[in-house]
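The structure appears below as structure tokens.
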Amino acid sequence: MRKVYRSRCYSKKSDPPRAGDQRFVEHRPVLLEEAVDGLNVKKDGFYVDATFGRGGHAKAILEKLSSKGRLLIFDKDERAIDVARSMEDKRILIEQGSFNRLEEVVKEQGMQGRVDGVLADLGVSSPQLDEALRGFSFMQDGPLDMRMDQTQEETAESWLAEVSEAELARVLKEYGEERYAKRIARRIVEARGSAPISTTSRLATLVKEATPRFDEHKHPATRTFQAIRIAVNNELKDLEDLLDQSARVLAVGGRLAVISFHSLEDRIVKRFMEKNSKKWVPAEIPLKSEELKAPFKSFPKIKASREEVLSNPRARSSMLRIMERVA
Ligand SMILES: C[S@@+](CC[C@H](N)C(=O)[O-])C[C@H]1O[C@@H](n2cnc3c(N)ncnc32)[C@H](O)[C@@H]1O
8 MRKVYRSRCY
18 SKKSDPPRAG
28 DQRFVEHRPV
38 LLEEAVDGLN
48 VKKDGFYVDA
58 TFGRGGHAKA
68 ILEKLSSKGR
78 LLIFDKDERA
88 IDVARSMEDK
98 RILIEQGSFN
108 RLEEVVKEQG
118 MQGRVDGVLA
128 DLGVSSPQLD
138 EALRGFSFMQ
148 DGPLDMRMDQ
158 TQEETAESWL
168 AEVSEAELAR
178 VLKEYGEERY
188 AKRIARRIVE
198 ARGSAPISTT
208 SRLATLVKEA
218 TPRFDEHKHP
228 ATRTFQAIRI
238 AVNNELKDLE
248 DLLDQSARVL
258 AVGGRLAVIS
268 FHSLEDRIVK
278 RFMEKNSKKW
288 VPAEIPLKSE
298 ELKAPFKSFP
308 KIKASREEVL
318 SNPRARSSML
328 RIMERVA
């Protein structure tokens with residue numbers, strides 16, 4: 008293994024934390040024990056946390072690693088990267104940017120086919136959602152931004168200003184599973200003709216106006232915000248790339264653990280793991296011949312416990328799926 012303690016991207020030290028600094032706002036990791044146990048961490052191993060966030064899972068992995076172990080972390084968000092840098096842990100290799108560069112970075116480290124585990128805890132972190140200025144939430148008014156990577160040019164506002172009505176309706180339907188996708192798209196396109204849609208509250212109001220019926224317990228803009236966020240951040244394509252690349256970088260015995268938060272993501276992960284795996288079955292049930300040839304085995308899916316959901320509502324829709332390279 009090549010000795011690289013710091014990412015080539017980072018030479019400057021992180022600024023010290025300031026009061027109210029969003030970089031240091033807490034994110035409560037979901038399915039923490041289940042995911043880290045599921046990786047079956049070897050103390051001298053090479054691991055990847057593809058979605059560092061505030062480092063909840065990363066810290067739990069590091070606790071199991073010796074001084075020879077390494078953890079390569081990715082995040083698109085500079086604030087997450089600042090937190091990783093502030094840990095000043097020589098075992099961490101830091102990469103700012105999309106995890107769709109996993110294979111490239113692993114090759115640079117000379118670790119192709121030798122990675123012991125990849126973890127991805129998908130979606131946005133609590134600090135991203137909670138900060139009005141990031142524009143991810145209809146709960147607070149802010150600029151319609153929604154970029155995980157703030158160096159990216161396209162924001163939700165610029166995307167909404169340009170997208171065609173038909174494409175917008177498709178995105179709302181496919182990524183938000185929104186029943187009133189066409190009506191909402193029509194209302195947005197009408198409204199942007201008079202003034203740009205530049206705040207989260209204006210978008211939330213437009214969606215509410217276009218929605219004839221909705222459940223009182225769920226804001227009618229929930230699905231629209233999810234769909235636009237997925238489109239602006241290219242989330243599903245990134246996920247597909249991550250799955251393909253993880254399968255290629257893992258060593259025999261290496262594991263991929265993915266936590267998803269909505270059915271769209273989970274469907275992609277489930278199909279990928281099913282396609283590549285022998286199913287986990289009790290030892291007494293014989294496998295079919297094509298299942299015997301599969302390079303991976305997958306484990307039963309894991310949901311958050313009732314206790315975890317009660318103490319952390321973000322865990323409600325979470326799903327953990329794990330597979331292991333066997334050949
Ligand atoms: C749910 S949070 C992860 C929380 C983390 N496990 C923890 O315990 O603190 C997801 C993080 O992944 C990042 N992210 C999402 N998609 C990404 C991608 N394609 N590439 C890199 N980072 C991504 C987000 O910016 C966010 O910080």
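Numbering-wise, our numbering comes out as the position in the sequence shown, counting from 1, plus 7.
Glycine is no exception: its CB is placed at the ideal position from the N, C-alpha and C atoms.
In this structure, the straight-line span from the alpha carbon of E115 to that of F268 is close to 31 Å. CA-CA distance, F53 to G63, rounds to 18 Å. Distance from the CA of T229 to the CA of F145, rounded to the nearest whole angstrom, comes to 8 Å.
Straight through space, the alpha carbons of L39 and A192 are spaced by roughly 38 Å. Between V48 and L72, the beta carbon gap of about 7 Å places them in contact (Cβ cut-off 8 Å).
Ligand 1 approaches A87 closely enough that one of its heavy atoms is under 7 Å from the residue's Cβ. Spanning the alpha carbons of I275 and A176 requires a straight line of approximately 21 Å.
Under DSSP, Y54 takes part in a beta bridge, and its partners are L78, G124. E161 and D152 have their C-alpha atoms some 9 Å from each other. Here the alpha carbon of T218 sits roughly 12 Å from the alpha carbon of I195. For A139, the closest alpha carbon among the candidates A238, G149, V265 is that of G149. Inclusion of Q135 in the 7 Å shell around ligand 1 follows from its C-beta lying nearer than that to a non-hydrogen atom of the ligand. As computed with DSSP, R262 is found in a beta bridge with G124, E331. Under the three-state reduction of DSSP output, M280 falls in the helix class. Taking 8 Å as the cut-off, the beta carbon of G104 is found closer than this to the beta carbon of F81. Contact check for G45 and I329: beta-carbon distance about 4 Å, within the 8 Å limit, so the pair qualifies.
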